[in-house]
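For reference, the structure discussed in these notes is given below.
There are 2 protein chains.
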Amino acid sequence: MSFPEPLVKLIEELRKLPGVGPKSAQRLALHLILSGKPAIDGLVSSLVAARDRIRRCSICGNLTEADPCPLCKDPRRDGSVLCVVASPQDVAAIERSGGFKGLYHVLRGAIAPMDGVGPEDVGTDELLRRVRDSKGKIKEVILATNPDVEGEATAVYLSKELKPLGVIVTRLARGLPQGAEIDYQDDITLIKALEGRREI
Amino acid sequence: MSFPEPLVKLIEELRKLPGVGPKSAQRLALHLILSGKPAIDGLVSSLVAARDRIRRCSICGNLTEADPCPLCKDPRRDGSVLCVVASPQDVAAIERSGGFKGLYHVLRGAIAPMDGVGPEDVGTDELLRRVRDSKGKIKEVILATNPDVEGEATAVYLSKELKPLGVIVTRLARGLPQGAEIDYQDDITLIKALEGRREI
Chain A
0 MSFPEPLVKL IEELRKLPGV GPKSAQRLAL HLILSGKPAI DGLVSSLVAA
50 RDRIRRCSIC GNLTEADPCP LCKDPRRDGS VLCVVASPQD VAAIERSGGF
100 KGLYHVLRGA IAPMDGVGPE DVGTDELLRR VRDSKGKIKE VILATNPDVE
150 GEATAVYLSK ELKPLGVIVT RLARGLPQGA EIDYQDDITL IKALEGRREI
Chain B
0 MSFPEPLVKL IEELRKLPGV GPKSAQRLAL HLILSGKPAI DGLVSSLVAA
50 RDRIRRCSIC GNLTEADPCP LCKDPRRDGS VLCVVASPQD VAAIERSGGF
100 KGLYHVLRGA IAPMDGVGPE DVGTDELLRR VRDSKGKIKE VILATNPDVE
150 GEATAVYLSK ELKPLGVIVT RLARGLPQGA EIDYQDDITL IKALEGRREI
């Protein structure tokens, strides 16, 4: 190996990132080093700031600087509807859509029994406690986990636990995405679109 | 935007990396933050070590911790042949092949007139000075820049400047790569393979 040791170490660290293989880790590391100290300093200081200033909101679990987070503190949000998602990206996506004005609960991922990730690992207890402690203030829980195996497993588990607490439990609609061509849709999407058809 | 500001800043920094778009920058940033402090600390300390300990070799321009670099200092390397490459990755690749036992000269990229990158920007002066100052010790210069527009432009420029210094100037052979299927090769590769055919 003809790379100096600190460069080899940096390549190894970059390889730990999702979607970064050996070749792209090498390209990233060399790009950083060849760009000079200011490029590395910019990345280092933003990493340190993120590490030191971002935490999880103690109410909803979303990433935030202030605890509770701005969404939980916003009096204009509807506290009777809770949207449960598996990650902070999903909050950002739903907020971007502008289609939801209630509050969120952010799990730490989705239940994945095959990978040994159980309900307690993703924080379902905190959600159930939050709903229970709201004493009827939370009336509906929308299960907005992904429509894949883990997301469905999480939704099935949560709906079973939530219903005895007296809340309405809903799931995001399934069907054709905007702009889709029917000819190109997979079977499950078409089946779900047919099952969920609505009178117009 | 519902991400806290330090996270937005981190996403922006990651977007500056080559091949990292807005979506993967977001995924990388969230992965780092959700992995916890040790993951970020590992990356930060390897970035700082790379920034502080890696420099360019004052002889060949390769990345190194010690100056001169281990390759330049190795008495077993053949100092009469110089292999000119455009980046440190290329040294690593050629070293890995085991096919070269001379010394290297690493340019800072390739000449790209369309992007305003001239010979002085990639450090051709240092190479010419090195060859001149060797007083005949360097007998051959292999131009191992990439077989693309910029690499060819660099090779053409360098060969014109190097020949008057009395060295043999060569270029890496062009032809079929190992394991290739002729049916799948582009026209230029086939033309070069025909032009460069050798008696067996």
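Chains as they are written, first to last, in numbering that gives the first Met the number 0: chain A, 0 to 199; chain B, 0 to 199. Ideal Cβ placement from N, Cα and C applies to all residues, glycine included. Note that the structure is predicted; figures quoted are calculated from it, not measured.
Check: Chain B contact for residue 99 of chain A (CB, 9 Å cutoff); Outcome: no
Check: Euclidean distance between Cα positions of residue 17 of chain B and residue 194 of chain A; Outcome: 44 Å
Check: Local conformation of residue 158 of chain B per DSSP, three classes; Outcome: helix
Check: Assigned exposure category for residue 4 of chain A - 16 Cβ within 10 Å defines buried; Outcome: exposed
Check: Neighbouring residues, chain B, relative to residue 41 of chain A (Cβ below 7 Å); Outcome: 12
Check: Residue 82 of chain B, enclosing beta strand (DSSP E) - first and last residue; Outcome: 77-84
Check: Other residues of its chain near residue 39 of chain B: CB distance less than 8 Å, five sequence neighbours each side excluded; Outcome: 31 and 32
Check: Identity of the residue in B:60, B:42 and B:52 nearest residue 50 of chain A by Cα; Outcome: B:42
Check: Buried/exposed call for residue 103 of chain B, threshold 16 Cβ in 10 Å; Outcome: buried
Check: Rounded separation between residue 278 of chain A and residue 112 of chain A - CA only; Outcome: The structure shown does not extend to residue 278 of chain A, since chain A spans only 0 to 199, so no value can be given for it.
Check: N- and C-terminal bounds of the alpha helix (DSSP H) containing residue 41 of chain B; Outcome: 36-52
Check: Three-state secondary structure assigned by DSSP to residue 123 of chain A; Outcome: helix
Check: Completely contained beta strand (DSSP E) runs for the stretch 90-114 of chain B, where each covers 3 or more residues; Outcome: 101-105
Check: Within 9 Å of chain A by C-beta, residues of the stretch 57-77 of chain B in sequence order; Outcome: 61, 62, 63, 64, 65, 68, 69 and 70
Check: Boundaries (first-last residue) of the alpha helix (DSSP H) holding residue 169 of chain A; Outcome: Residue 169 of chain A -> not in any alpha helix (DSSP H); beta strand (DSSP E) instead, spanning 167-170.
Check: Candidates B:176, B:119 and B:157: closest to residue 139 of chain B by CA position; Outcome: B:157
Check: Amino acids of chain A, ordered along the chain, whose beta-carbon sits closer than 9 Å to that of residue 104 of chain B; Outcome: Within 9 Å Cβ-Cβ: nothing; residue 104 of chain B doesn't reach chain A, min ~14 Å.
Check: First through last residue of the beta strand (DSSP E) which encompasses residue 6 of chain B; Outcome: Segment 4-14 is the alpha helix (DSSP H) holding residue 6 of chain B; no beta strand (DSSP E) there.
Check: Opening and closing residue of the beta strand (DSSP E) in which residue 142 of chain B lies; Outcome: 139-142
Check: Close beta carbons around residue 118 of chain B, own chain, < 7 Å, minus the five adjacent residues each side; Outcome: 110 and 156
Check: Where the alpha helix (DSSP H) containing residue 190 of chain B begins and where it ends; Outcome: 186-194
Check: Within chain A, partners of residue 48 of chain B - CB distance below 8 Å; Outcome: 5, 8 and 9
Check: Those residues which DSSP pairs with residue 63 of chain B across a bridge; Outcome: B:54
Check: Cβ neighbour criterion (16 or more within 10 Å) applied to residue 137 of chain B; Outcome: buried
Check: Per-residue contacts from residue 53 of chain B into chain A (C-beta, under 7 Å); Outcome: 3, 5, 6 and 32
Check: Beta carbon of residue 1 of chain A nearer than 9 Å to that of residue 94 of chain B; Outcome: yes
Check: Under the three-state DSSP convention, the category residue 130 of chain B falls into; Outcome: helix
Check: Three-way DSSP call (helix, strand, coil) for residue 116 of chain A in this model; Outcome: strand
Check: Opening and closing residue of the alpha helix (DSSP H) in which residue 69 of chain B lies; Outcome: 69-72
Check: Inter-residue CB distance, residue 105 of chain A and residue 59 of chain A (contact presumed, cutoff 8 Å); Outcome: 6 Å
Check: Three-pair Cβ contact test at 8 Å for the stretch 167-187 of chain A versus the stretch 125-133 of chain A; Outcome: no
Check: Near-chain A residues of the stretch 13-25 of chain B (beta-carbon distance less than 9 Å), N- to C-terminal order; Outcome: 13, 15, 16, 17, 18, 19, 23 and 25
Check: Cβ distance (whole Å) where residue 143 of chain B is taken to contact residue 80 of chain B below 8 Å; Outcome: 11 Å between Cβ atoms; not a contact.
Check: Within 9 Å, strictly: CB atoms of residue 9 of chain A and residue 91 of chain B; Outcome: no
Check: Own chain residues within Cβ distance below 7 Å of residue 146 of chain A, not counting five before or after; Outcome: 173
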